[in-house]
Ligand SMILES: C[S@@+](CC[C@H](N)C(=O)[O-])C[C@H]1O[C@@H](n2cnc3c(N)ncnc32)[C@H](O)[C@@H]1O
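Residue numbers (this note's numbering): 28 to 285.
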């Protein structure tokens, strides 16, 4: 792997984040108990999505802050999520898009049958989670399942989001993302856990991300394969791209204006 300038910075950040991990867990639970942040609309969104989101409040607030920044900078484009599970973050994106000053579509990609098999690049804990299946076959392993029906019910019935601008795309990323036909993307939340899942998201959607747009990787600190796919991808980008960390696992970067 190439050691570009962003690499040593992200390595240092990574080491620092790991060192801080013990503190972070306490910070997360204190933040959750206090119901941060203070903005009542954000607090409402966090509460509504608590039971459906796998990403904790710290990570969801970080995503909201990225969208807020895009709005402030008047950067147009859709919001997307690759890896929806039961729709917690998806609802947050849908609600924020509807309430924000910019007209944004929301694209949601998932197999809606859960995770596929990992590969050796994802490490032993991933293969164990997959009941010792590690050949990378696009077959469900029975983990992180959110069905299309349940997600629809949560988004459109429980959260009462409008269906007009929310697009649910069912299928393996490997089959759906290369033919993505929506508009430019201002933010994509990549939460597909495995090396191959994260790799295909980055390779397929990066050309559609607008300058100044964000890519948020949920599993950078948690899953070895997600971190590896992200580092390999960044190492190929000319000029270097700075990776930011939030908490023990989330990472994000912006597409440079050049
Ligand atoms: C950790 S869950 C997502 C959690 C969700 N973002 C949240 O915070 O509530 C991972 C999701 O990625 C999906 N996924 C992973 N790899 C995939 C692939 N190659 N194609 C389609 N879906 C995939 C799984 O179906 C699962 O729903």
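Quick reminder that beta carbons are idealized off the backbone N, C-alpha and C, glycines included.
Of all alpha-carbon atoms in 72, 252 and 249, the one lying nearest the alpha-carbon of residue 186 is that of 72. Collapsing the DSSP output to three states places residue 238 in a strand. Short note on residue 218: C-beta closer than 7 Å to some heavy atom of ligand 1. Looking only at 199, 250, 209 and 203, the smallest Cα-Cα distance to residue 220 is reached by 250. By the beta-carbon neighbour count (other beta carbons within 10 angstroms, threshold 16), residue 216 is buried.
At the C-beta level, residue 280 and residue 271 come within 8 Å of one another. Distance from the CA of residue 121 to the CA of residue 133, rounded to the nearest whole angstrom, comes to 6 Å. Going by DSSP, residue 196 is part of the beta strand (DSSP E) stretching over 193 to 197. The count of Cβ pairs closer than 8 Å, one atom from the stretch 228 to 242 and one from the stretch 252 to 266, reaches three, so the stretches are in contact. Beyond the five residues adjoining it in sequence on each side, residue 174 comes within less than 7 Å, by CB distance, of 139 in the same chain, given in chain order.
By the neighbour-count criterion, in which 16 or more other beta carbons inside 10 Å mark a residue as buried, residue 128 falls on the exposed side. When beta bridges are read from the DSSP output, residue 216 appears opposite 108 and 243.
Straight across, the Cα-Cα distance linking residue 178 with residue 105 is about 19 Å. Per DSSP, residue 207 is not a residue of any beta strand (DSSP E), being assigned neither H nor E. The Cβ neighbour count for residue 277, taken over all protein chains shown within 10 Å, is at least 16; the residue is labelled buried.
Counting only runs of 3+ residues, the beta strand (DSSP E) found wholly inside the stretch 85 to 133 occupies 105 to 109, in chain order.
In this structure, residue 113 has its CB closer than 7 Å to one or more heavy atoms of ligand 1.
For residue 224, the distance from the CB to the nearest heavy atom of ligand 1 is below 7 Å. For residue 164, there is no enclosing alpha helix (DSSP H), as DSSP marks it with neither H nor E.
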